[in-house]
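Protein sequence lines correspond, in order, to chains A and B.
Residue numbers for the first sequence follow the numbering used here, beginning at 32 and rising by one.
Residue numbers for the second sequence follow the numbering used here, beginning at 8 and rising by one.
C-beta: ideal position from N, C-alpha, C; glycine also.
These notes concern the structure reproduced below.
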Amino acid sequence: MQFIFEKRQSVSRQAIILVPIISFLVSLLLGAILLAVSGANPLLTYAAMGKGAFGSWRNISETLVKAIPLMLTGLGVSIAFRMRFWNIGAEGQLTLGGVAAAWAALSLADVLPAWMLLPTVILFGMLAGALWAGVPAALKVLMGVDETLTTLMLNYVAILFSKHLYYGPWRDPEGFGFPGTAPFPEAAWLPRLGHTRAHWGLLFAVVLAIVLWLVLNRTRWGFELRIIGENKRAARYLGINIARNVILALAVSGALSGLAGACEVAGISRRLQQGLSIGYGYTAIIVAWMAQLNPLAVLLVAILMGGLLVGGDQVQMMMGLPAAVGLVLQGMILFPMLAGSLFTEYRLRIIRPEKTPPALVTTEEA
Amino acid sequence: MTEEKRPILELRGITKRFPGVVANAGVDLALYPGEVLALLGENGAGKSTLMNILIGLYRQDEGEIYLRGEPVEIRSPRDSDALGIGMVHQNFMLVPTMTVAENVILGLQDLSFVPKMDEVVARINEISERYNLQVDPYASIWQLSVGEQQRVEILKLIYRGAEVLILDEPTAVLTPQESEELARVLQVMTSEGKSAIFITHKMDEVLSFSNWVQVLQHGKSIAVKKTAETNAQELARLMVGREVLFRLDKAPATPGDVLLEMRDVHALDDKGLPALRGISLQIRGGEILGIAGVAGNGQRQLSEAVTGLRTVTAGEVLINGQPMTNRSPLEIIQAGVSHIPADRVGVGAVGDMAVSDNLAMKGYRNAPMSRKGILYPPRILEFAKKMIASFQIATPTPKTHIKFLSGGNIQKAILAREIDACAGVLVAVYPSRGLDVGATEAVRKRLLKQRAQGSAVLLISEDLEELLTISDKVAVLFDGEVMGVLPSEEAQIATLGLMMAGSRLSQIV
């Protein structure tokens with residue numbers, strides 16, 4: 032028997048859908064080994080995680096709470112990755128978005144009419160995110176500075192800056208020393224869905240995912256972005272302005288992460304405080320890859336990833352296992368994903384000697 | 008069997024299948040010591056697949072390979088290396104920043120940890136002397152001309168003890184003089200008992216270089232002929248299965264206004280060295296100006312300076328009488344300039360996008376394919392189907408990613424897009440390079456049609472026959488300067504060859 036990889040004649044649509052699903056299953060399998068080694072029953076653990084994440088309406092809403100920032104940052108990262116621009120700075124863009132939103136909520140409350148406050152808060156969050164991604168984009172296209180370094184390093188700048196603010200000048204004097212700003216005025220609160228903690232960020236994410244899909248697939252600008260992402264030399268030859276388009280696309284990318292930050296502070300904590308992001312901006316990278324950079328798929332993958340986080344918390348509470356189980360599974364998805372992407376362009380053919388077509392085959396090996 | 012020569016290399020019944028395609032179907036081949044076998048065939052006839060099997064990049068599904076009568080297994084290039092089979096690829100496999108000597112020993116197994124370069128250089132010099140392959144062992148590859156780099160490739164193979172050399176379109180990048188030198192090198196090698204398989208599209212080379220000709224068509228070997236007993240017409244007929252018009256019907260020129268003009272244009276290459284040094288040329292509507300010259304004498308920079316892809320450091324470019332020096336590529340496209348780039352896969356097409364999208368990459372900016380920034384996919388598809396039909400682009404569906412097409416069909420798609428968008432000036436760079444006879448003919452006919460419709464065509468080509476067949480005038484480029492412009496009826500290959508080597512027309516006449 033012989034195994035050979037053959038190049039497909041066209042990109043396989045089934046593989047594009049199956050690879051992420053199988054990758055997830057493989058990561059569950061690998062996770063099971065890990066759980067078994069550490070003495071837990073993998074099946075029970077997974078059952079508990081599943082129940083924790085999706086077992087009741089309340090649990091589902093908590094999963095959505097985690098999924099919303101993953102959706103928004105996942106969309107942001109996807110658009111950057113489509114340009115082959117490795118924006119790994121969603122975490123920083125989210126954080127700075129939260130900072131700017133907090134500033135607007137606290138400082139402009141007395142200046143603006145109440146109905147304008149929330150839109151302004153959100154706008155500030157998006158602008159800050161856009162700026163935080165636009166700077167590395169400009170540095171890259173104008174001066175060739177490597178974006179993986181700049182976006183990564185700017186994460187620490189944003190995170191430490193926000194820490195400085197809520198530990199220092201912005202700390203709530205009536206907060207009993209708790210690191211965080213004063214609570215936002217009610218006009219700056221992002222409405223929640225029913226009695227859950229899930230908020231309007233979900234609507235933003237769904238609408239923006241559809242808009243983004245339409246922009247990429249049905250507009251001239253999206254067409255240009257796809258060409259730039261696939262082949263920069265061709266784009267230049269076709270008269271497309273690469274510098275302007277990359278900066279614009281990255282501004283959109285950062286704005287989406289900034290929106291995630293604004294939604295977190297205005298919808299969940301209602302103040303800027305410790306624990307704004309629990310690594311959403313990094314998980315967004317996994318979300319984007321697993322969704323194969325398809326905006327609509329980002330929504331579903333983000334829910335799955337949110338479920339892993341909530342499920343992880345649940346097994347910690349119920350079974351005394353570390354909550355990191357969810358994170359471990361998230362991390363392990365990426366490896367089979369990367370390996371599996373081979374199958375979108377190649378297929379495995381198994382040749383059994385007796386079934387080889389004509390009778391001209393040499394029989395030496397048989 | 009008395010004194011009859013036995014083949015050094017023999018292929019028997021080689022079959023190689025790719026999904027949906029049989030690239031080689033039971034191909035037999037025999038190469039005799041001290042002889043040259045020319046392998047002819049259209050693109051996709053299976054020549055490259057067969058050679059890749061020989062050097063271990065692919066493995067045959069069926070069939071055997073015999074070397075000196077012994078069956079051999081070639082599983083990797085390392086195996087073919089050890090068996091004394093080597094290949095000079097079309098795109099040289101050299102490391103530009105390393106020296107000739109370093110490139111020659113790169114990848115060798117039996118070297119000491121610190122190679123004794125003196126011995127290596129001594130051996131290189133000995134080989135250069137013996138085979139007439141002059142090259143400085145201490146020169147870095149990037150400093151060498153394309154012809155010299157090819158010599159390094161051949162030298163590398165001989166150094167490694169290759170007995171069978173495979174040359175993939177070796178003369179495509181050479182001047183006529185350099186081609187003759189290559190012929191002499193081949194002669195010395197064959198007189199020493201080495202043998203060669205020579206892949207080419209050019210009939211005259213087949214006839215002058217080889218002892219045997221083998222013709223492949225659709226993966227099958229359809230003819231093996233003694234070179235002395237055949238002729239160009241017969242071979243061309245065998246290749247495509249029909250008679251080929253080597254002389255295209257060309258209507259007399261009806262020159263109109265000057266549509267493209269360059270006045271004393273200067274430009275730098277990517278390394279910042281002067282690449283164009285005072286180019287002045289004019290092309291009228293309804294006229295084809297051919298640019299001849301050895302690759303690397305400023306052709307690419309010339310096409311880029313005209314299309315806005317390279318900064319003009321001095322001088323002027325006028326399109327339709329309007330100054331367009333250093334305008335953006337988009338402004339130049341909008342001024343009516345179309346461009347068939349030299350690198351069709353790297354620049355001319357986006358491999359991971361659909362054929363239909365690739366065809367739309369000029370027209371997408373305007374109605375009917377888009378309005379107010381919104382694309383209309385049905386219109387794009389409709390346009391693509393029209394182009395696929397009228398340019399006879401062979402593609403499974405319009406939605407197939409273009410990278411899955413053959414080189415000739417990718418080129419047809421680029422041609423379709425650029426000609427459809429062309430409004431006055433067409434810059435065609437090596438438009439038929441590497442294409443088979445059928446596709447080449449299609450490309451040339453389209454260029455002539457463009458000329459008949461009143462476009463000014465700037466044709467950069469390395470194929471003198473092509474230049475002389477379809478251009479009205481030929482300019483020769485050497486070291487960034489125009490050596491002279493002459494009407495193609497008056498141009499003789501010998502004169503062009505001298506100009507390509509750096510003599511000015513005024514000095515020759």
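Straight-line measurement puts the Cα of residue 48 of chain B at about 41 Å from the Cα of residue 513 of chain B. Listed along chain B, the residues sitting closer than 7 Å to residue 254 of chain A by beta-carbon distance are 371, 382.
Taking 7 Å as the cut-off, the beta carbon of residue 202 of chain B is found no closer than this to the beta carbon of residue 101 of chain B. Residue 357 of chain A is a Cβ neighbour of residue 342 of chain A, given a cutoff of 7 Å. Against chain A, the CB of residue 331 of chain B has no partner CB under 7 Å away; the residue lies outside that interface. Residue 325 of chain B and residue 332 of chain B have their alpha carbons spaced roughly 7 Å apart.
Beta-bridge annotation (DSSP): residue 205 of chain B is paired with B/45, B/174. In this structure, the CA atom of residue 120 of chain A is about 24 Å from the CA atom of residue 367 of chain A.
In terms of beta-carbon proximity, residue 359 of chain B lines the interface with chain A, with at least one pair separated by less than 7 Å. In the structure shown, the three-state DSSP call for residue 94 of chain B is strand. Residue 387 of chain B sits away from residue 394 of chain B, with the two beta carbons spaced by 7 Å or more.
For residue 51 of chain A, the enclosing alpha helix (DSSP H) covers residues 44 to 68. Annotated as distal: residue 391 of chain B and residue 403 of chain B, with beta-carbon spacing of 7 Å or more. Sequence-distant Cβ neighbours of residue 181 of chain B in its own chain, meaning closer than 6 Å and more than five residues away, are 154. Cα atoms of residue 362 of chain B and residue 433 of chain B: separation of roughly 22 Å, rounded to the nearest angstrom. Residue 116 of chain A sits in coil when the DSSP states are folded into three classes, being neither helix nor strand.
Annotation: the stretch 69 to 124 of chain B contains the following complete segments of the beta strand (DSSP E) (minimum length 3 residues), in chain order: 69 to 74, 77 to 79, 92 to 95. When the beta-carbon positions are compared, residue 101 of chain A and residue 311 of chain A come within less than 7 Å of each other.
If only uninterrupted alpha helix (DSSP H) runs of at least 4 residues are considered, those enclosed by the stretch 239 to 298 of chain B are 239 to 247.
Cα atoms of residue 33 of chain B and residue 70 of chain B: separation of roughly 7 Å, rounded to the nearest angstrom. Annotated three-state conformation of residue 31 of chain B is strand, per DSSP. Distances from the CA of residue 418 of chain B to each of B/177, B/167, B/443 were compared; the closest alpha carbon is that of B/443. Counting other Cβ atoms within 10 Å of its Cβ, residue 110 of chain A reaches 16 or more and is therefore classed as buried. Restricting attention to A/251, A/289, A/231, A/76, the CA atom closest to the CA of residue 382 of chain B is found in A/251.
Residues of chain A whose Cβ lies closer than 9 Å to the Cβ of residue 356 of chain B are, in chain order, 262, 265.
In this chain, the beta strand (DSSP E) harbouring residue 22 of chain B covers 16 to 25. When DSSP states are grouped into helix, strand and coil, residue 331 of chain B belongs to the coil group. Residues of chain A whose Cβ lies closer than 9 Å to the Cβ of residue 377 of chain B are, in chain order, 250, 251, 254. One finds 360 in chain B with Cβ atoms closer than 7 Å to the Cβ of residue 257 of chain A, taken in chain order. The beta carbons of residue 293 of chain A and residue 128 of chain A sit about 5 Å from each other, so the pair counts as a contact at 8 Å. Leaving aside the five residues that flank residue 149 of chain A on each side, the residues in its chain whose CB is nearer than 8 Å to its CB run, in chain order, 218, 219, 220, 221, 297. Spanning the alpha carbons of residue 496 of chain B and residue 38 of chain A requires a straight line of approximately 48 Å. The beta carbon of residue 175 of chain A does not come within 7 Å of any beta carbon belonging to chain B, so the residue lies off that interface.
Secondary structure at residue 182 of chain A: helix, using DSSP grouped into helix, strand and coil. Counting other Cβ atoms within 10 Å of its Cβ, residue 306 of chain B reaches 16 or more and is therefore classed as buried. For residue 194 of chain B, the enclosing alpha helix (DSSP H) begins and ends at 183 to 198.
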